[in-house]
Structures are given as structure tokens and as C-alpha cells.
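Residue numbers (the numbering used here): 1172 to 1433.
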Ligand SMILES: [Zn+2]
Ligand SMILES: [Zn+2]
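The structure is reproduced here in C-alpha cells:
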């Protein structure tokens, strides 16, 4: 069974979940790999300090848990927030810690927090700027494996205007997807974002566009911040991904790509 590659625990500023809660579920399901991708975000605009997970403490705790879960291999991940004014910090973080998977995210532009509806009051123009920022991130920074939730901002904008149409941004999506393909990176389908957008036609459109451009590399991850969301709606989204023609999903060990056949 495919393991979830994007969860947060109490090592992330915005989660209180215990590692053990996820491990108990994974173990019950017979899953072989365990990985969280804890947050590192420099100077987030809505908070007074940076979000920096204590990866050393995480490793110590994981080591103490390993004997309780002999059938599970422990892996280490990071969700690194892109900030052009912190490129050195981002690179240093990756130089100083060993990760199995590096997910790149765009959570803010130093002024606007894309989690907040107030960042998308002029939805069309704000979304244009948001997608431009995502393209900038993957053009400026290459030391990552998976682009997380490319549609994080779109999900927020849809809360402001539920009729917001993704097709208006197709030229920008094409640039983002082409850049991912050209640089051999992987697109995350984030099941929490998909469950919030809650529109299967939307997901089918995204998948078809990516596939048509030559994109084959996807991950499916929940972005769970609490154990209830572990592998959120995986069966449903796996079916839609398979129907769109994709033959496998990617997972990562020691930053090497492996395939889970669909
Ligand atoms: Zn994120
Ligand atoms: Zn996340």
C-alpha cells in the first residue's frame, strides 16, 4: 500500500500531532515507509518568527520509536517554503541535514500569506501573481524533488469566489508544468487541497493538461496535520489519476525516485 509522503507532526509550528499516532495507523495498514515533511518557512508574513522544525530532535524521537515498528522504514522529509530573500538559508538547511525527500512549497510572497482569503480579494489579478510566484520558485531554486500543492493559492481563492475558473490561468499552468518536466521534477497532487476544492472536474483538467504536456511524475500526498487526515481520500484520487492515464506514482528514498504501480 502506498505510504503518505506529506504529513506534519508537532515538529511543525502548525501541528500538534504525535509521530506515534501516524505510525500506529501505518503499521495497522501494513505500510512499509514512514516520512513526515515538517515545515521550514523563513519570515512568514503572518507570524513573528520563522518556522523551523527541529530535525535533530525528530531524528532522536524516530530512533526511539523504530524498535516498536520493526516492519517500517523511517525516512526524513522537509517541506521547504520558497523565499527569494532566503535562498542562502534554504540551501544551508539542505546542506546541514540529510533528507530522503525535499518538497518545495510557495506559502507566501513575503507580504501575502496565501493561506488567507485576504490575499485573494482581487481574485484574478492576485491569482496571476500567485502562479507567477510558483513559476519563479521552480525557476530560481532547483534543490528539491517535488513541487507541493501548486494550487494552494487557487484553493484559497476558490473560498473567496467559488466560481473561480482554473482555465483562465492555463497559460501560466502550462509554463509551470513545462518547467517541472524540463527540470525532471515531480508534481504533487495534494489530497487535502483537492478535498477542499472538491471538484473532480477540476482535478481531471489539471491531470489531463499535465499529461498532455508530457508530465508523468506525480505524488499523491495528504498534507495531514492530524492523524485523521492520513492518506486522506487516497483511493478516490488514485482512481482519478489512473483514469487520466498515469501508470505510477513516485516516492522517494535518499532523494532517489521510486515508482508505485497503479
Ligand atoms: Zn504547505
Ligand atoms: Zn504541508
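For each residue, glycine too, the CB sits at the ideal point set by N, CA and C.
Beta-carbon spacing of residue i, residue j below 8 Å
i: residue 1291; j: residue 1327; result: yes
i: residue 1205; j: residue 1246; result: yes
i: residue 1385; j: residue 1352; result: yes
i: residue 1306; j: residue 1324; result: no
i: residue 1347; j: residue 1374; result: no
i: residue 1429; j: residue 1175; result: no
i: residue 1213; j: residue 1274; result: no
i: residue 1322; j: residue 1277; result: no
i: residue 1354; j: residue 1309; result: yes
i: residue 1417; j: residue 1376; result: no
i: residue 1211; j: residue 1264; result: yes
i: residue 1436; j: residue 1233; result: A question about residue 1436 goes unanswered here, because the residues of the chain that appear run from 1172 up to 1433.
i: residue 1209; j: residue 1229; result: yes
i: residue 1396; j: residue 1188; result: yes
i: residue 1252; j: residue 1207; result: no
i: residue 1413; j: residue 1433; result: yes
i: residue 1378; j: residue 1415; result: yes
i: residue 1226; j: residue 1268; result: yes
i: residue 1295; j: residue 1339; result: yes
Counted within 10 angstroms of its Cβ, other Cβ atoms place residue i as buried (16 or more) or exposed
i: residue 1425; result: exposed
i: residue 1445; result: Because the chain spans 1172 through 1433 in this model, residue 1445 falls outside it and cannot be assessed.
i: residue 1241; result: exposed
i: residue 1282; result: exposed
i: residue 1172; result: exposed
i: residue 1394; result: buried
i: residue 1427; result: exposed
i: residue 1238; result: exposed
i: residue 1215; result: buried
i: residue 1266; result: exposed
i: residue 1335; result: buried
i: residue 1197; result: buried
i: residue 1341; result: exposed
i: residue 1235; result: exposed
i: residue 1250; result: buried
i: residue 1180; result: buried
i: residue 1403; result: buried
i: residue 1279; result: buried
i: residue 1261; result: buried
Residue range of the beta strand (DSSP E) that includes residue i
i: residue 1360; result: 1357 to 1361
i: residue 1422; result: 1419 to 1424
i: residue 1429; result: 1427 to 1432
i: residue 1177; result: No beta strand (DSSP E) holds residue 1177; DSSP gives it neither H nor E.
i: residue 1209; result: 1208 to 1212
Endpoints, alpha helix (DSSP H) assigned at residue i
i: residue 1232; result: 1226 to 1236
i: residue 1289; result: Where residue 1289 is concerned, there is no enclosing alpha helix (DSSP H), given that its DSSP letter is neither H nor E.
i: residue 1315; result: Taken as a continuous stretch (DSSP letters only), residue 1315 belongs to no alpha helix (DSSP H), as it is neither H nor E.
i: residue 1161; result: The requested residue 1161 is not part of the displayed model; the chain covers only 1172 to 1433.
i: residue 1323; result: 1323 to 1331
Beta-carbon separation (whole angstroms), residue i vs residue j, contact threshold 8 Å
i: residue 1318; j: residue 1423; result: With 8 Å as the limit, residue 1318 and residue 1423 do not qualify as a contact, their Cβ atoms being about 13 Å apart.
i: residue 1217; j: residue 1284; result: 4 Å
i: residue 1405; j: residue 1366; result: 11 Å between Cβ atoms; not a contact.
i: residue 1389; j: residue 1420; result: 6 Å
Every unbroken beta strand (DSSP E) within the region 1351 to 1404, with a cutoff of 3 residues, ordered by chain: 1357 to 1361, 1389 to 1392
Entirely enclosed alpha helix (DSSP H) segments - the region 1246 to 1283, minimum 4 residues: 1258 to 1267
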